[in-house]
Amino acid sequence: MKKILIIYFLPVMILLTVSSCKKSFIDDTTNNNLPNSVSASLLLTGVLTNMVDLPDGAYSSSTQSSMVYPNASNKDEIWGQYYIYNYDYYGNNTYDFDPGADYYSTLTNVLAMESKAAASGGAAVNPYEAMGKFFRAYFFSKMSLERGDIPMTQALQGLANLTPAYDTQKAVMLQSLAWLESANADLTQLIANPSVGGTGLGSTLGGDIFYGNSLTQWQKVVNTFRIRLLIELSKQSADPDLNVPAQFASIIGNPTKYPLMQSATDNLQYTFISTINTNYYPQYPDIFGQSGSRQNMSQTYVGLLDLLQDPRIFAVAEPSRYQVDTLHQSPTAFSSFAGADPGLDLGTMYSNAGLQRYSFINRKRYYSTYTGEPSIQIGYPELMFNIAEGINRGWASGNAETYYIAGIQASMASYSIPLTGTYTAYFYHPAASSTTGVADLTNYDTYNISVNWSTYYSQINVQYASGAVGLKQILQQKYIALFRHSGLEAYFNYRRTGVPNFSTGPGTDNGQRIATRFLYPLSDRTGNTVNYQKALASQYGGNDDINGIMWILK
Numbered sequence: 003m004k005k006i007l008i009i010y011f012l013p014v015m016i017l018l019t020v021s022s023c024k025k026s027f028i029d030d031t032t033n034n035n036l037p038n039s040v041s042a043s044l045l046l047t048g049v050l051t052n053m054v055d056l057p058d059g060a061y062s063s064s065t066q067s068s069m070v071y072p073n074a075s076n077k078d079e080i081w082g083q084y085y086i087y088n089y090d091y092y093g094n095n096t097y098d099f100d101p102g103a104d105y106y107s108t109l110t111n112v113l114a115m116e117s118k119a120a121a122s123g124g125a126a127v128n129p130y131e132a133m134g135k136f137f138r139a140y141f142f143s144k145m146s147l148e149r150g151d152i153p154m155t156q157a158l159q160g161l162a163n164l165t166p167a168y169d170t171q172k173a174v175m176l177q178s179l180a181w182l183e184s185a186n187a188d189l190t191q192l193i194a195n196p197s198v199g200g201t202g203l204g205s206t207l208g209g210d211i212f213y214g215n216s217l218t219q220w221q222k223v224v225n226t227f228r229i230r231l232l233i234e235l236s237k238q239s240a241d242p243d244l245n246v247p248a249q250f251a252s253i254i255g256n257p258t259k260y261p262l263m264q265s266a267t268d269n270l271q272y273t274f275i276s277t278i279n280t281n282y283y284p285q286y287p288d289i290f291g292q293s294g295s296r297q298n299m300s301q302t303y304v305g306l307l308d309l310l311q312d313p314r315i316f317a318v319a320e321p322s323r324y325q326v327d328t329l330h331q332s333p334t335a336f337s338s339f340a341g342a343d344p345g346l347d348l349g350t351m352y353s354n355a356g357l358q359r360y361s362f363i364n365r366k367r368y369y370s371t372y373t374g375e376p377s378i379q380i381g382y383p384e385l386m387f388n389i390a391e392g393i394n395r396g397w398a399s400g401n402a403e404t405y406y407i408a409g410i411q412a413s414m415a416s417y418s419i420p421l422t423g424t425y426t427a428y429f430y431h432p433a434a435s436s437t438t439g440v441a442d443l444t445n446y447d448t449y450n451i452s453v454n455w456s457t458y459y460s461q462i463n464v465q466y467a468s469g470a471v472g473l474k475q476i477l478q479q480k481y482i483a484l485f486r487h488s489g490l491e492a493y494f495n496y497r498r499t500g501v502p503n504f505s506t507g508p509g510t511d512n513g514q515r516i517a518t519r520f521l522y523p524l525s526d527r528t529g530n531t532v533n534y535q536k537a538l539a540s541q542y543g544g545n546d547d548i549n550g551i552m553w554i555l556k
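Take 3 as the starting number for the sequence shown in the working numbering and just add one per residue.
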């Protein structure tokens with residue numbers, strides 16, 4: 003009987019063993035306590051986070067190290083000649099460009115976002131699909147502005163195509179403009195009739211960290227960005243395929259079809275949070291002691307503010323203590339503000355900075371809190387100057403001066419500078435016996451400064467003039483408004499127009515030249531060699547040259 007029991011029991015054991023062997027490695031390693039899929043809304047949040055360009059370099063705060071920005075260029079303010087290093091242990095002011103930004107991983111997440119939206123009830127036209135078109139235009143055009151021709155049409159195919167061909171820069175810009183036109187059309191449908199977007203989670207936008215899921219606000223961003231891109235194409239405005247003037251005039255002339263930002267409340271801006279240490283402003287009280295004097299203001303920027311007798315200088319900078327304490331100038335005199343020449347050898351600049359011969363960034367505004375100021379990515383002041391520039395160039399009818407004034411006044415308002423009245427300036431000047439830090443307002447000298455718009459605007463260098471003079475004024479004021487905002491836009495505008503004049507010298511390296519492009523990524527050189535070499539041959543004489551002239555600049 004015992005033998006019989008064994009015989010019958012053995013097949014059962016064999017079946018159990020075979021059954022257990024059919025469990026996969028994935029089954030054994032999946033943690034059921036964690037989510038194993040990502041929603042479209044969560045992917046959107048990640049993409050939006052990755053598009054942010056913050057001031058003060060990529061590695062100076064926990065905020066930036068948590069973003070994609072460390073993979074991008076981290077010297078936007080240096081290359082814009084706003085705020086520069088004085089000690090080479092921490093950084094330098096050279097134009098020895100690296101490969102710049104790489105957004106292909108982010109764009110892969112855009113594809114995943116669209117796929118998740120479609121799988122969760124989104125129709126052919128849905129909010130995520132419309133946003134996806136904007137993201138494609140934003141990221142592809144940005145990478146192209148840095149490098150020239152880039153993989154686009156054959157990109158993002160994964161293992162199906164590891165060696166994508168490069169699209170010409172012209173093709174990238176044409177496609178980006180087409181995506182923006184289509185995104186605007188889709189958003190128009192979705193705003194007018196939300197049911198067009200389908201049913202379920204894929205039909206309704208979620209995860210928007212900027213506008214609380216408002217498609218109306220995003221439509222303004224789409225068209226405002228399109229104006230920026232058209233301005234970037236000013237040197238190719240005669241190209242019949244691009245038809246830049248007609249596109250510009252169409253947008254400006256039809257605000258119902260192409261709504262644009264109407265005020266600073268429409269800004270696409272990243273707001274910092276004092277209660278979350280990964281969302282601090284890049285400069286904050288805890289790091290002031292180690293970073294507060296590593297950099298000083300640049301003469302390119304401060305000199306322009308001084309030339310224009312611009313009250314924004316009292317908000318963004320502090321007077322040179324050498325000018326005030328040694329030469330006994332008034333701390334509110336424009337001549338008391340001094341920036342360093344970016345072309346200076348760093349040894350000389352470091353010595354001068356130690357003698358307090360330069361202005362430092364305004365500590366009250368940028369160091370005394372954990373939130374600083376919102377970081378504008380695409381903003382209303384810039385839009386006003388871009389429209390003024392297009393009208394100045396004859397692309398559309400209108401009054402360029404009206405937009406020019408609106409841009410200046412919006413920029414001043416962002417610093418709480420009144421058109422007429424009093425602005426209170428704070429300059430860090432602690433007593434020798436002070437034991438408190440940069441957050442303590444008793445460590446600041448305060449000054450009430452009279453501001454008068456009419457007086458400011460009546461200056462010959464400020465009041466708008468037509469033609470080439472007016473164009474230079476527009477570009478100068480846009481440069482001032484872009485301080486600490488919008489990533490490389492100030493550099494791109496200089497590269498395109500030569501305004502303002504950028505300084506060079508031993509400190510900027512690169513043969514005392516301002517580089518004109520970024521290198522291609524190492525992965526292109528090693529993993530897509532044939533197409534990489536074709537792109538170099540067709541654009542830059544076969545060399546990956548940071549001084550090469552890309553199509554958009556010809």
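Where is the CB? At the ideal position from N, CA and C, for every residue including glycine.
Taking the Cα positions, Ile548 is about 15 Å away from Ala103. A residue is called buried when at least 16 other Cβ atoms come within 10 angstroms of its Cβ; Gly396 does not meet this threshold and is exposed.
One alpha carbon belongs to Ala415, the other to Asp347, and they sit about 36 Å apart. Taken through DSSP and simplified to helix, strand or coil, Ile410 comes out as helix.
Between Ile254 and Ala398, the CB-CB gap stays under 8 Å. A distance of 8 Å or more separates the beta carbons of Gln271 and Gly134. When the beta-carbon positions are compared, Gln156 and Ala139 stay at least 8 Å from each other. In this structure, Arg314 places its C-beta atom within 8 Å of the C-beta atom of Tyr417. Beyond the five residues adjoining it in sequence on each side, Leu555 comes within less than 8 Å, by CB distance, of Lys237, Arg497, Arg498 and Thr518 in the same chain, given in chain order.
Closest by C-alpha distance to Ser107, out of Asn88, Phe137 and Tyr84, is Phe137.
Shown here for Tyr425: same chain residues with a beta carbon closer than 7 Å to its own, the five before and five after excluded, namely Pro313, Phe316, Ile419, Ile451 and Val453 in chain order. Relative to Gly160, the option among Ala467, Asn111 and Met351 whose CA is nearest is Asn111.
Contact between Glu131 and Asp58 does not hold, since the beta-carbon distance rounds to 35 Å and is not under 8 Å. Scanning its chain for C-beta atoms nearer than 6 Å, with the 5 sequence neighbours on each side dropped, one finds around Tyr405 the residues Met386, Ile389 and Ala390, in chain order.
The DSSP-derived three-state label of Ile516 is coil. Just so you know, the alpha carbons of Phe250 and Ile193 end up roughly 23 Å apart. Straight through space, the alpha carbons of Ala355 and Met552 are spaced by roughly 37 Å. Taking a cut-off of 8 Å on C-beta distances, the segment 317-326 touches the segment 358-366, as three or more cross pairs fall below it. Between the alpha carbons of Gly93 and Ala441 lies a distance of about 26 Å. In the DSSP assignment, Gln297 falls within the unbroken beta strand (DSSP E) covering Gln297 to Met299.
As a beta-bridge residue in DSSP terms, Ala342 pairs with Ser300. Out of Gln219, Arg230 and Ser295, the CA that lies nearest to the CA of Thr267 is found in Gln219. In the DSSP assignment, Ala537 falls within the alpha helix (DSSP H) that extends over Thr531 to Gln541. Bounds of any alpha helix (DSSP H) do not take in Asp447; it lies within the beta strand (DSSP E) bounded by Tyr446 to Asn454.
The three-state secondary structure of Phe429, taken from DSSP, is strand. Residue range Tyr85 to Tyr87 is occupied by the beta strand (DSSP E) that includes Tyr87. Distance check between Leu309 and each of Ala335, Leu521, Asn195 and Gly291 places Ala335 closest, using alpha-carbon atoms only. Restricting attention to Asn512, Ala185, Thr165 and Tyr542, the CA atom closest to the CA of Asn95 is found in Asn512. Spatial neighbours of Asp546 in its own chain (CB-CB distance under 7 Å, excluding positions within 5 residues in sequence) are listed in chain order as Leu521, Tyr522 and Leu538. Taking the Cα of Tyr459 as reference, the smallest distance to any Cα among Arg149, Gln311, Tyr282 and Ala248 is reached at Gln311. In this structure, Ser525 sits away from Thr373, with a CB-CB distance that is not shorter than 8 Å. If you check the CB distance, Phe290 and Tyr369 come in under 8 Å.
For the pair Val304 and Ala340, the CB atoms are nearer than the 8 Å cut-off. Following the DSSP letters along the chain, one finds Tyr493 inside the alpha helix (DSSP H) bounded by residues Glu491 to Thr499. The straight-line gap separating the alpha-carbon atoms of Ala492 and Gly82 is approximately 6 Å. Pairing Tyr446 with Tyr466 gives a Cβ-Cβ distance that is not under 8 Å.
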